[in-house]
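Read top to bottom, the protein sequences are chains A and B. Quick note on our numbering: the first sequence kicks off at 17 and runs consecutively. Quick note on our numbering: the second sequence kicks off at 3 and runs consecutively. Glycine included, every Cβ here is placed at the ideal spot set by N, Cα and C. Fair warning: this is a prediction, and the values are worked out from it, not measured in the lab. Accompanying notes for the structure given below.
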Amino acid sequence: MSIIRVDADRSTHWELVSPAHAGADAAALGAVDVAVLDGFAALQAEGEPDLIVELIDLYLEDAPRKVASMLEAVALADEGALGRAAHSLKGSSASLGAGQVAALCGELERTGDDGSFEWAGALLARMGQELERARRVFAAERQKRL
Amino acid sequence: MLTPIARPTSQRILVADDDPVVRLLVTSILKSGGYTPVVVEDGREAYRVLRSDSDFKAAIFDMMMPHLEGVDIIRHMRTERRLMRIPVMLITSERDLKLMAESFAAGATIFLPKPFTTGQLQLMLRMLLDKSDGADARPRRVENSPCQTRAELRRA
Numbered sequence: 017m018s019i020i021r022v023d024a025d026r027s028t029h030w031e032l033v034s035p036a037h038a039g040a041d042a043a044a045l046g047a048v049d050v051a052v053l054d055g056f057a058a059l060q061a062e063g064e065p066d067l068i069v070e071l072i073d074l075y076l077e078d079a080p081r082k083v084a085s086m087l088e089a090v091a092l093a094d095e096g097a098l099g100r101a102a103h104s105l106k107g108s109s110a111s112l113g114a115g116q117v118a119a120l121c122g123e124l125e126r127t128g129d130d131g132s133f134e135w136a137g138a139l140l141a142r143m144g145q146e147l148e149r150a151r152r153v154f155a156a157e158r159q160k161r162l
Numbered sequence: 003m004l005t006p007i008a009r010p011t012s013q014r015i016l017v018a019d020d021d022p023v024v025r026l027l028v029t030s031i032l033k034s035g036g037y038t039p040v041v042v043e044d045g046r047e048a049y050r051v052l053r054s055d056s057d058f059k060a061a062i063f064d065m066m067m068p069h070l071e072g073v074d075i076i077r078h079m080r081t082e083r084r085l086m087r088i089p090v091m092l093i094t095s096e097r098d099l100k101l102m103a104e105s106f107a108a109g110a111t112i113f114l115p116k117p118f119t120t121g122q123l124q125l126m127l128r129m130l131l132d133k134s135d136g137a138d139a140r141p142r143r144v145e146n147s148p149c150q151t152r153a154e155l156r157r158a
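Set out below in structure tokens:
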């Protein structure tokens with residue numbers, strides 16, 4: 017499974033994470049409201065791939081792309097692109113219960129609104145940390161369902 | 003004299019959202035309710051589909067999408083007689099009342115804020131289809147529901 021790491025210098029790194037490293041730990045608890053994920057269990061169709069695993073995989077594939085778009089937007093001082101990427105990740109994060117990531121996206125959206133990128137770098141560094149915490153929870157939930 | 007347009011019998015629902023997570027979620031909820039989602043990834047694709055296909059019971063659009071936003075497609079739909087009858091739900095993580103009011107003015111039928119639960123989307127869809135069938139077109143308040151209708155916005 018690939019994930020993104022956003023370092024303090026705003027560089028992004030893709031990593032492969034093996035299931036052995038995929039368990040949620042105490043530091044990651046609270047990053048995702050797993051009750052939100054559990055709420056989708058009733059939608060599981062017989063004979064179809066596990067819906068929650070699919071949702072998690074889509075999120076973990078898509079979120080790093082959105083962060084990369086935000087980093088690029090900040091580098092180019094493109095407030096529209098920053099707002100669009102932050103808005104999009106906010107929606108999917110909130111939909112899957114990743115509340116902290118969604119909240120940071122909301123802040124990044126507003127940062128782009130007034131054309132000030134002063135805090136965007138710091139917010140994106142925090143985003144990297146919060147995404148990593150969320151990833152650990154998602155990975156553990158994924159493992160439970162395989 | 004204009005020829006009456008037949009009531010739709012299709013269970014197809016057009017879904018346009020650029021977010022793959024929300025697309026899968028909406029699609030799964032629709033399938034669980036016996037509907038047939040026709041799914042596209044952005045507003046431009048939705049526009050292309052609607053140019054040749056109007057056989058939809060309803061449409062669900064994300065408010066903010068690349069190329070063409072949800073409200074732009076709605077404006078187009080409200081100018082085409084064959085598309086006018088299709089009720090549209092906009093889903094959005096925006097809380098901007100002005101934007102919502104503009105979307106209603108353009109012809110959106112109902113709003114569903116993100117994040118939403120399965121039950122909330124199912125409920126909003128029932129309300130949307132009730133309006134479309136003419137069973138009761140009055141805006142309704144649903145307890146604990148995040149939906150907003152025109153009347154609710156006027157009161158806000």
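Under the DSSP definition of a beta bridge, P39 (chain B) partners with B:I15. Cβ-Cβ distances below 7 Å link F133 (chain A) to V90, A93, T127 in the same chain, with the five nearest sequence neighbours on each side left out; the list follows chain order. Taking 3 residues as the shortest admissible run, the region 60-145 of chain B contains the following complete beta strand (DSSP E) segments, listed from N- to C-terminal end: 60-64, 90-94, 112-115. In the DSSP assignment, L74 (chain A) falls within the unbroken alpha helix (DSSP H) covering 67-91. Only exposed fits E62 (chain A), as fewer than 16 other CB atoms lie within 10 angstroms of its CB. For the region 142-156 of chain A, there are no residues whose beta carbon sits under 7 Å from a beta carbon of chain B.
Legend: CB atoms of the region 20-45 of chain B lying less than 7 Å from CB atoms of chain A belong to residues D20, D21, P22, V23, V24, L26, L27, S30, I31, K33, S34.
For S104 (chain A), the nearest beta carbon of chain B is closer than 8 Å to its own beta carbon. Distance check between S34 (chain B) and each of A:A114, A:A141, A:A58, A:S85 places A:A58 closest, using alpha-carbon atoms only. For the region 62-76 of chain B, the beta-carbon criterion of a distance under 7 Å to any beta-carbon of chain A is satisfied by M66. Under the three-state reduction of DSSP output, S104 (chain A) falls in the helix class. With contacts defined by Cβ atoms closer than 8 Å, F58 (chain B) and I88 (chain B) form a contacting pair.
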